[in-house]
Every structure is written in structure tokens, then in C-alpha cells.
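Single-structure report; data block below.
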Ligand SMILES: [Cu+2]
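Numbering (my numbering), first residue to last: 1132 to 1808.
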């Protein structure tokens, strides 16, 4: 305990640099003259074949001379973080290479964050890449990859750098073991191969019909990156406050659940049921996935009861935690450790509640409200071996990369989503006055193009799935079916009967209209299943306006990742050719993949309501936000929209006339078709 206190004191005294300290362009500040191309090349080389030793002489030399040439003045904190980590290393306290890493393991997380802190203290890129080269050699590769990724995301040193897709850096977490075995065989026999990956399980398991969603590598990259953009361990001493992190936690997972439900409905499955601590976990799961080192991910049979997990929590603790949170919702306030109350009966309440439920370091009282989400992930991950009798490695639920493969992920999140809903339902519904946008009306909604989804085949590289030697190097890849859709555009005819131009936000949702039995949802049921399709700002001039918005412009999505191989090629060519890289478009890895913007349709069309809301909101220029801001915000800056996430469908709708009689609100019925026409 004493040691812990000491450590936090040291860190506090070191005073984290603020973002502006890093903006190297200011005169008098340390400037990094390294081009983005060179940085990209360094990052690529650090991550290339992460399980093998570095083969690049430059990085090896940097690693080998690192300690002998260590100059602590090159770190912002005078070397506090680096000296602490070096001491841990020399005391043999750090996890070795070739071992499982899980962020939910407190000690491993501590080690990864010690490295992250070293990186964040580097004044220049040179120092960063030298430190990285050294620790790549001496630290656990899982911890290294995690620390490197979160640094590139959060440190201004990482600006402009594209993070290689994780499914090619650590393919084991994204690829079935059958395919990994084939990759090994190909490598051993020096025979190139491209292997078709099927989704886990058999057709006997109804859940398998939606495995394409939970196992989609792009969706998994979105999920794991979101948790890197908004880490639960983040403290503002790292340089800035992350705005509305708790609310985004709610919203991103709510949207994942809504999208999953829509996929279920298109496959004739009912919407997902919530998990309960007292009932059986209905659906088992066999992951068919192995760690690179550490064996197979544990499986879980159907219909088992939750069991206490040794060293993690008792089921009873989870029930108590849930009770305390729901008690806070019913009362409308949270109690902090000093016994003071924090009001949550307002629009900001959801943000605090998100911090509490995850829990993140922003939670006002972890001792009392626990860590419902994080502990539940571990509890679920361990149900195959709750006593640790069989020395099984962590389950898929203990990694953000793999969690959505397990159908119980969505059941767990539905359970938490219902708690958030309880809070949202405690508010008065929006009134006509709340929704009104005087003088503004939506006259027409038209769609250019057909709403059509289809499956296509996608290939990704498995080079890193096998081990390497000087003598063998063959092309190995996996092919996997994935959802895509045809491009389309919305045309909104909007009248502004005011004399002056008005500033407006346009909010677009797509809502399934019927349950799996064909029964129509009421507005109040249906609104909770709505998928956020887009949100953007426009200035509406007086009179008639035609607003055109392409599906590819959506603020909830991002483009496909660039493959690691192409990324390496581009960086190498740029460095050799002496020009810089501009891959800005690929920098953000958080966001629903573009191709999954539309939920899957049905062969003969699936009915949805397309709901559009024009609301009076201050204008924000597209250039001021990332293309993925709706679910992923803006790094280090306030979330661009000031209204509650999900507005105006976030509150109860006991009377749909409030919406139907608001001219700035309009919906049309649409059909989404599936399959090539
Ligand atoms: Cu998550």
C-alpha cells in the first residue's frame, strides 16, 4: 500500500505535460523534424512480426545502446517514468515475452501503463522510437502493442500516424484456430495459401446466423479502438479531460446492441435478451480461437449458472453492485466517498452513470458502486474455469478484440443497457416545445439509389500468424465473408420560413419496425432499437433548401483499414523517395466500418422507418470534426454535439403525436434488400 502511495506521488509531482507542450511548431520548443513518413516507417517496423525478434538493424542498434546512452533530460519528467520502468525490468518484475496479456489483469495493465507513461514523457520522436525499440525487446509483446497503440492515439507525437489493423498485427485474436493451423502448415512447407474462414459454430446453433456481426474484424477493430480512445484507466493528468466519456460508453455500446438486434431481426431471430446474475447463461460458446502463446480460449457450455470466480468476485457482489446503481437511479443521485450527493437527474447524469457502470477512473465512488461492466467481463470470461483449477487462460470476454465473438457479450451489454434505460426513462418525455424548431419544416425525404446489402469476400494477411525463419517466407492470407452495402444518398427538402439563415443539426436514425414475430413495435419500444445513421450540421438559408448527404459521409463510420502490407510499402517508398505521407483518412480506427452502415436487409426487403430530425443547433464545420465523431468524439476536445446522445429518441415516447405534429421531424418507411440483384 505504502509503495502504491509513493508511486502515485512521484507521478503527480512529475506533472504531465499538457497537449500544448507537445505542439512542436512553437518557437523555442523542442521541435521534431522527423517526417510522418519516417514515423510511420518506425511504427510499422516496431510492430512488424511482433512475436519475433526485430530484424531491422537500425531498431536493433537503438535497443542495444539504449541504456548505455540514456539521457534522462530528454524526458519531460526528467526520467522519473523511465527509471521506474527500468528498475522494474532489472528487478525481474515484468511479464516476460510470449505470454498472454489481458488489459483486465491489474498487474499487466499496470506494466503496460508504465510503458505508456514512458512514451508520453518523450520530448521527441527520436526518444520515443529508441525507447520503443528497447522495450519491444524486453517487455511482453501484448503490453508493448497496447502501450504503443494508446500512445499513438493520445500523444501529439503520434499525429498523422496510421495504426496498422490489429487483425494483421495480432491475427490470433481475430482468426479461427483452424485457419491459424493452416497458416502454420503453409509456412512450414513453404507453400503460399489463402484460406477461407468460416464463422464459429454450426448451423445447429441459431446464434451462428449472426456470427458474421460479432466476428466481423472491422467491427472488432472499432470496438477495441473505441476502448483505446476512451480508456477506463485514463486520468486527466495525462494531459486532458476526455469529454463525456461515460455517456459515450453508454451510447457506443447501446448502438452496438441496436445494430446487433437489427441483424438478428433480419435473420428471423428475436432481439437479444438480457443476462441475469440469478438465471442460467442460456447460450454457451466455443470460441475456436487460440492464443499465440497460452493455449486455447476456454469454452462455456449451454445453460450454466453463474458461479463465483476465485479472486475476482462473488455473484452476490455483482447483485449488490447492481442494486446500489439502480438505487442511485431511483433516488436521482450518486453518493461520493465523503457522503455528499451528486445529482444525476439531469442531462449530465448519464455521463456520470456511464463512468460508474464501466467503471472508469472518472467514477466518483468505485468503492461503493464497484465496476459492474469490467468485473462482469471477467466473470463471464472465467465461467468455464471459475476456480482456476484447469489453469485456463483468460476467456474471449477478457479482451476487447475478441469479446463480441461471444453471444453473451450482447446479453451482458443488454443488461447494462437496460440499467441506462431505467435512468433515461426516469425523465419527462420531450414536449412539443422541447422539439420545436420555429419556421423550419422537413418537406421531403428521398433516397438516391437502392438500400441493398450483400456479402462479399475480404482477404487479410496472416503473415504474422506463423513463426518465421530466414528460409521461409510465403504469402499466407485468410478470406472471410463480410457485410457490405450499395452506396446511397439522402435528399432532404427542408423549408426555412424565417427571414434569416438558421443553423441546424440534422439527425438521421434507422429503426426496425417489427419484432421477429412480425408484431409492430410501439414508438416507445421502437425508439430504443433505432440505429444512428448520421448527424451533421447545415446552415439553412431562408426559403427552400435541398440537403444532399452521401452514405459515405456518415459521421458514425470510417473507411476500411489500409492493409499492413500496403502501409509498409507506402511508408518505405515515401522515406526512400524523400516525400511525406498523407494518410489522414486512415488515421481514425474507431467507428463502424463504412460497409456496415446499413444493417442487413432481407431478400424481399426488410421494413425500417427512416427518421430525420432537424434541430436548432450551433453550426459546426465539417473540417472541425473527424469523420467518425458521432461515436468517437474529437481527441482532447469537447464532443461536438451539445445535446444528449441519441436525442431526441433517448427519452420515453408515451404519445407519438408530439413527434408527428412537429414539422422539423419527419419519417418515411424504407425497405432494405439483401443479396446481389
Ligand atoms: Cu466495449
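Beta carbons: idealized from backbone N, C-alpha and C, even for Gly.
- Between residue 1545 and residue 1481, the C-beta spacing is not below 9 Å.
- Assigned with DSSP and collapsed to three states, residue 1658 falls in helix.
- An exposed status is given to residue 1648, since fewer than 16 other beta-carbon atoms sit within 10 Å of its beta-carbon.
- With distances taken between CA atoms, residue 1494 lies nearest to 1375 out of 1185, 1375, 1290, 1592.
- DSSP, reduced to helix, strand and coil, places residue 1397 within a helical segment of the structure shown.
- Here the alpha carbons of residue 1535 and residue 1420 stand approximately 13 Å from one another.
- Here residue 1803 really is in contact with residue 1737; their C-beta atoms are around 5 Å apart, less than 8 Å.
- Remark: C-beta atoms of residue 1446 and residue 1438 approach each other more closely than 9 Å.
- Judged by DSSP secondary structure, residue 1592 falls within the beta strand (DSSP E) whose first and last residues are 1583 to 1592.
- With contacts defined as CB atoms closer than 9 Å, residue 1403 and residue 1410 fail to qualify as a contacting pair.
- For residue 1643, the enclosing beta strand (DSSP E) starts and ends at 1633 to 1643.
- For residue 1680, there is no enclosing alpha helix (DSSP H); the enclosing beta strand (DSSP E) covers residues 1674 to 1681.
- Here residue 1624 is bridged, per DSSP, to 1575, 1677.
- Judged by their CB atoms, residue 1621 and residue 1678 are nearer to each other than the 9 Å cut-off.
- Here residue 1258 is buried. Its C-beta has 16 or more other C-beta atoms within 10 Å.
- For secondary structure counted as the alpha helix (DSSP H) over 4 or more consecutive residues, the segment 1502 to 1545 holds these complete runs in sequence order: 1503 to 1512.
- Within 10 angstroms of the beta-carbon of residue 1739 lie 16 or more other beta-carbons, which makes it buried.
- At least one heavy atom of ligand 1 lies less than 8 Å from the C-beta of residue 1357.
- The criterion of a C-beta distance shorter than 9 Å is satisfied by residue 1364 and residue 1492.
- If you draw a 10 Å sphere on the C-beta of residue 1592, you find 16 or more other C-beta atoms in it, and that means buried.
- In the DSSP annotation of this structure, the continuous segment of the beta strand (DSSP E) that includes residue 1802 starts and ends at 1796 to 1805.
- The three-state secondary structure of residue 1324, taken from DSSP, is strand.
- Check the Cα spacing between residue 1206 and each of 1170, 1249, 1200, 1223: the tightest is with 1249.
- In this structure, the alpha-carbon of residue 1324 lies about 7 Å from that of residue 1606.
- Taken from the Cβ of residue 1354, at least one heavy atom of ligand 1 lies inside 8 Å.
- According to the DSSP assignment, residue 1610 belongs to the beta strand (DSSP E) that extends over 1607 to 1616.
- Here residue 1563 is exposed: its Cβ has fewer than 16 other Cβ atoms, across all protein chains shown, within 10 Å.
- Taking residue 1432 as the centre and dropping the five residues before and after it, the same chain places the C-beta of 1415 closer than 7 Å to its C-beta, in chain order.
- With a cut-off of 8 Å, the C-beta of residue 1534 is classified as near ligand 1, since at least one heavy atom of the ligand falls inside that distance.
- It is roughly 9 Å from the alpha-carbon of residue 1654 to the alpha-carbon of residue 1783.
- DSSP lists no beta-bridge partner residue for residue 1248.
- For residue 1502 and residue 1488, the gap between their C-alpha atoms comes out near 6 Å.
- For residue 1201, no beta strand (DSSP E) segment is defined, and its DSSP state is neither H nor E.
- For the beta strand (DSSP E) assignment, the uninterrupted runs of no fewer than 3 residues enclosed by the segment 1680 to 1758 are, from N- to C-terminal side, 1737 to 1747.
- Residue burial annotation: residue 1385 is buried, with at least 16 other C-beta atoms found within 10 angstroms of its C-beta.
- The beta-carbon separation of residue 1618 and residue 1682, rounded to 6 Å, stays under the 8 Å limit for a contact.
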